[in-house]
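Working notes, structure below.
Chains as they are written, first to last, in this note's numbering: chain D, 1 to 231; chain P, 1 to 778.
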């Protein structure tokens, strides 16, 4: 299995994702430079967190025009696995690989803290190692994580079971208090209709090693590796 | 060069004295300077760049140990941390810019210290901040009664509002820069005192990792080697920033806003990656960031360190504004710029890297052998100054020193009685909700503390920030500390405490403290009293750093922290770095579970009731609850302190404890509460008064103490370690579910639910910021 981790000039979680794939999941990984269209025959693509091109404009608004994203779009349309984390989620929405948008947090401030998310759909390549309804503790760190989409899109996401993670209490209840950024319907992560693209605001790579205090995020990587083996 | 008539007013405007002007003429071989040269001298000889008032004192600090690879004098200090790794770290102030423009001032403070680290080839892996503001809580009318003392000055509603906005601006500035750059912020400390109302302190610390054999220095070498300018274009921002930081503030300071630079963290991130990649080519000879005094400082310092000259053609300098004069280009403090010297013939390798990252990189000059800084515009020389004249030959002042007594009583005021204790549970709550002690989550939650996936203990998790080193068993711990009020009461003792407490926090994480960096924030050095405070602080720091074996490897001095003649408390801030042999064994601050033994580890005992009364006046309790400040800071026996720290490291490495937390502001009662908060496991303890007042036993701030929790079966082994270091390890109680109960001589004096205390502690800062201050009647 070969993972490609995209590097935009302002990516800052690129090395974290790379480390997790290589050192924790023990899979091969390669960096993909934003100016190149060559995805180097990777089996899955990670669009990592950070500030792609500074994000002084709307987050991800410039990244969607990058050469590498053109290839990622084609790759995704062909059923390739794409995981967007944090800024990666924002970029996937801007690139129209996922619906909706991520607005500024309701508190108007950057928030970095561990949160709990409930797995709403365990039948995706990103969650197959989880149980339906399982609660995972994974940290967030973002200024724009407030997910929004129109009513018909939300209805469609629900109907097609594309809401993959929702912010929840440790006991798994979906409450306004458990929502750290004002996201619509407590949405923390959604998938594409084909289930092969996932965007999520929490950082699973920050919760993949016991040394860092939490390993529940690793299930996302485990799922990916498992699903790639059976594809 | 055209002779330029320099009027005396112009010399004065440049912050230079007539004597200094005469010295400039001497150093230029008898001729007067051009306007550009005058500007260059004025910034390089400013207090900020030249350390002219502090240098004679700083020489006393210990700066060496077997671990120190680079001491003061470079962009950052470097220590050897084993496994082929070294770490570069430093703390620096950005006080003046942050007062004028809090967001950009604080942001560029972070940017500046990060550049100091990666200039040396080290990738920044952690930052922390030490912040000081004026009060953010309005006093209620009943509390106003005790005004008149420094701890209880009356503030207007407007002042409290201003302090709120300074805090908000500074915190978002730090967050915005660090988060985008992608370096975890491990917290730090934030304190509030009236003296910082018009003089907030923003001290930023950064630490980076570099392979021991890949360190870069800010040294030029090699005749005709190209001098390359990289990064952001030069604009008119920040001209004379260093000079601004070298004078007191007045009402006119608002007009200095254009002197504050604007930060671009994205560009700095590009600069980081590009510089580290360029260094890997092997074609870089030396490199320095352009911080204070911009192009001027970087070129003359690199030349001076390498005993060579540097010649620059200004036409080649990338500029973002038109018609900039040589004076403006040389003095601009535009951010995110670096100057590097490359090997002749290999410049293309370097330029290619910068091109890849989309950065300007232009050859602007070359290295010469004449030891001069020569600046040309359209091929004509506009400044030609020996580098030594700007650096080593800068004025050094042995400014007059005069002993000073703070205007507070040294003995406990008669109207204060410690004997009749009131509701101590209520007192504990008030302390936990006071600005200095309360939880600072509102601040650090705005910082990305986890990026780079190395954070083992982020803000709020332990006494120190702890990171792992990927590919090594080892970890690094770091902590900042400074107690301005204690330095105000006794600068020498206060400084010793700052060193001791920063190192103690590091030891509580299980790491051995090995080196330190200092940020020295003071008032106007031209006042003999201020210089006395400074000298005393250096003496105290020297002694403590020697005894605790933490040499100072660099830092920064910030003078002129005065507004309208009103100075701040002398505020030295220490950053101590420690090494954890096994990062998996890092000490935690919070109790783990109920049913564990609680142990008070301490060096020394309070002497007698007279000492207690005079020491209690420097405590948070005296300030917050009694509304008064008097006396002296607590005594500190450095030998006991050193023993305590060694014992902590040994006990934690031996896996003997669940938790370790240092005891400081608010005494043992607050330390117990703070140990209970992370897991909401409570405590039931019995303390012995030994004839001392109850409030002192609970809230007194005796040094050299830590609260531990452990399995009862480990108690004996802990006590054996304690005996070895001449400490006492007293079994004072047990952890229990959800409740905090403190007894004194068997009588319950504090009883509350942990949740109830936690609400006060966690919510206080945000409540203060959201509450309209109760105004004093003016």
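Quick reminder that beta carbons are idealized off the backbone N, C-alpha and C, glycines included.
So, is the C-beta of residue i closer than 9 Å to a C-beta in chain D?
i, result
"residue 180 (chain P)", "yes"
"residue 450 (chain P)", "yes"
"residue 264 (chain P)", "yes"
"residue 456 (chain P)", "yes"
"residue 357 (chain P)", "yes"
"residue 447 (chain P)", "yes"
"residue 468 (chain P)", "yes"
"residue 176 (chain P)", "yes"
"residue 142 (chain P)", "Confidence at residue 142 (chain P) is low in this model, with a pLDDT of 43, below 50, so its placement is unreliable and the value that follows should be read with caution. No, its Cβ sits nowhere closer than 9 Å to a Cβ of chain D."
"residue 273 (chain P)", "yes"
Less than 9 Å separating the beta-carbons of residue i and residue j?
i, j, result
"residue 548 (chain P)", "residue 728 (chain P)", "no"
"residue 207 (chain D)", "residue 139 (chain D)", "yes"
"residue 119 (chain D)", "residue 89 (chain D)", "no"
"residue 204 (chain P)", "residue 79 (chain P)", "no"
"residue 374 (chain P)", "residue 367 (chain P)", "no"
"residue 284 (chain P)", "residue 343 (chain P)", "yes"
"residue 781 (chain P)", "residue 294 (chain P)", "Beyond the ends of chain P as shown, which are 1 and 778, falls residue 781 (chain P); an answer cannot be given."
"residue 227 (chain P)", "residue 333 (chain P)", "no"
"residue 575 (chain P)", "residue 89 (chain P)", "yes"
"residue 511 (chain P)", "residue 464 (chain P)", "yes"
"residue 198 (chain D)", "residue 225 (chain D)", "no"
"residue 708 (chain P)", "residue 697 (chain P)", "no"
"residue 201 (chain P)", "residue 517 (chain P)", "no"
"residue 214 (chain P)", "residue 121 (chain P)", "yes"
"residue 302 (chain P)", "residue 220 (chain P)", "yes"
Is residue i helix, strand or coil when you go by DSSP?
i, result
"residue 651 (chain P)", "helix"
"residue 588 (chain P)", "strand"
"residue 173 (chain D)", "coil"
"residue 11 (chain D)", "strand"
"residue 297 (chain P)", "helix"
"residue 185 (chain D)", "helix"
"residue 479 (chain P)", "strand"
"residue 316 (chain P)", "helix"
"residue 122 (chain P)", "coil"
"residue 384 (chain P)", "strand"
"residue 579 (chain P)", "strand"
How about residue i: is its C-beta nearer than 9 Å to some C-beta of chain P?
i, result
"residue 20 (chain D)", "yes"
"residue 209 (chain D)", "yes"
"residue 112 (chain D)", "yes"
"residue 139 (chain D)", "yes"
"residue 156 (chain D)", "no"
"residue 143 (chain D)", "yes"
"residue 13 (chain D)", "yes"
"residue 150 (chain D)", "no"
"residue 126 (chain D)", "no"
"residue 167 (chain D)", "no"
"residue 89 (chain D)", "no"
"residue 176 (chain D)", "no"
"residue 54 (chain D)", "yes"
"residue 203 (chain D)", "yes"
Can you tell which of the options has its C-alpha closest to the C-alpha of residue i?
i, options, result
"residue 566 (chain P)", "P:382, P:732, P:695, P:194", "P:194"
"residue 584 (chain P)", "P:319, P:474, P:500", "P:474"
"residue 169 (chain P)", "P:618, P:100, P:231", "P:100"
"residue 264 (chain P)", "P:135, P:747, P:103", "P:103"
"residue 185 (chain P)", "P:218, P:443, P:9", "P:443"
"residue 84 (chain P)", "P:126, P:497, P:210", "P:210"
"residue 352 (chain P)", "P:321, P:279, P:400", "P:279"
"residue 313 (chain P)", "P:723, P:329, P:44, P:173", "P:329"
"residue 690 (chain P)", "P:399, P:620, P:608", "P:608"
"residue 543 (chain P)", "P:513, P:499, P:49, P:161", "P:499"
"residue 769 (chain P)", "P:448, P:157, P:402", "P:157"
Whole-angstrom Cβ separation of residue i and residue j, contact assumed at under 8 Å?
i, j, result
"residue 174 (chain D)", "residue 166 (chain D)", "6 Å"
"residue 439 (chain P)", "residue 765 (chain P)", "7 Å"
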